[in-house]
Structures are given as structure tokens and as C-alpha cells.
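In full-length UniProt numbering, the protein residues as written are 1 to 181.
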């Protein structure tokens, strides 16, 4: 195996997997998409000019792979609906069961809200807050201006907050209804 490819794999594999996992919310599908990213990297590495960081370049390729996946699925709103999440998928490792249950509910609430965001909003939220890229790095990875990233981030956070509040109200209503029955 090419030593450059091995270095990229060791250094960025987890970042790529996490990014794609947050986009498609399916472990097996994310693993398949990561492999597609590596295929594209092997095909195009000789053309990489180093004008951006390797991480930004790889995440840009991963973004295109994710968009291609959504196109193949013929639905950009893949995350619609409620999905069940296991502790293993969420990564909850809290010592106190009550705290773990509350955190799991909050994380599920956030994921359901994130699912209702547009694909562009999800891309920005995942790159900025999960991958910890700067505004400039996010713009570079997405091929956008910094202004567009900032605007999309602002709208995404506003939408996510609204969606989470709506979900929380619905959950509260369901709990009250269940207690009455």
C-alpha cells in the first residue's frame, strides 16, 4: 500500500467515518461511503496540489460522496422520520443511569432536529461542530464563500433550535397523555 495513502488513512479515517455517519445515520452505509472516499482519493491524489489542508480536501470528497449517495436514494431528506438509536451508536458512556437516560433523550432530540434540517444545513453543522472545522476550512471543504457558511450556520442553528423545541413540546404532550391514560 502507498505510504502516503496509509498516512492519510491513519490520520483522518475517524474524521471521515464520523462525518459520513452523521450525514447518513447508518453505520454500515457510512463504512461503505468511507470506502468510496478512499477509492476517489486513490484516483485523484496525484492531482492534489496542496492548496488546502489534506483534511479539508478529504472532507470535500466525502461531501461529494454523501451528496451522490442522497441522489442515488432519490430523496434528499433521507433522515425524515424517527430512527431508534442505540447507546453504542450515540456513544453514551455515562456512569449514572439517570444521567445517561437524560443525555440519550437529549441526543436523540438533537438528531431528530438535525434530520429535519436541509442537507446543506447538516453539512455545515457537522463540519463546524462535530468535525470542529473553522469557518474558512468549512467554506473550503464545501466550495462556498465564508459568508455563505456563516449564513447557513446561522439558519441551521436557528432551525435546529426550533425543531428541537417542537420535538420537546410533542414529547411533553405525549408523556402527559400517557400519564392520563
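Note that beta-carbon positions come from the ideal geometry of N, C-alpha and C, so glycine has one too.
- In this structure, the CA atom of residue 145 is about 12 Å from the CA atom of residue 153.
- In this structure the segment 30-41 does not lie against the segment 113-120, because fewer than three pairs of beta carbons, one per stretch, are closer than 8 Å.
- Within the same chain, 123, 141, 142 come within 7 Å of residue 63 by CB-CB distance, once the 5 residues on both sides are set aside.
- Around residue 69, the same chain offers 24, 33 as residues with beta carbons nearer than 7 Å, after the five sequence neighbours per side are excluded.
- With contacts defined by Cβ atoms closer than 7 Å, residue 109 and residue 167 form a contacting pair.
- Boundaries of the alpha helix (DSSP H) around residue 57: 54-73.
- Ranking 52, 156, 5 by CA distance to the CA of residue 39 puts 5 first.
- Between residue 160 and residue 113 a beta carbon distance of about 5 Å is seen, short of the 8 Å cut, so the two are scored as contacting.
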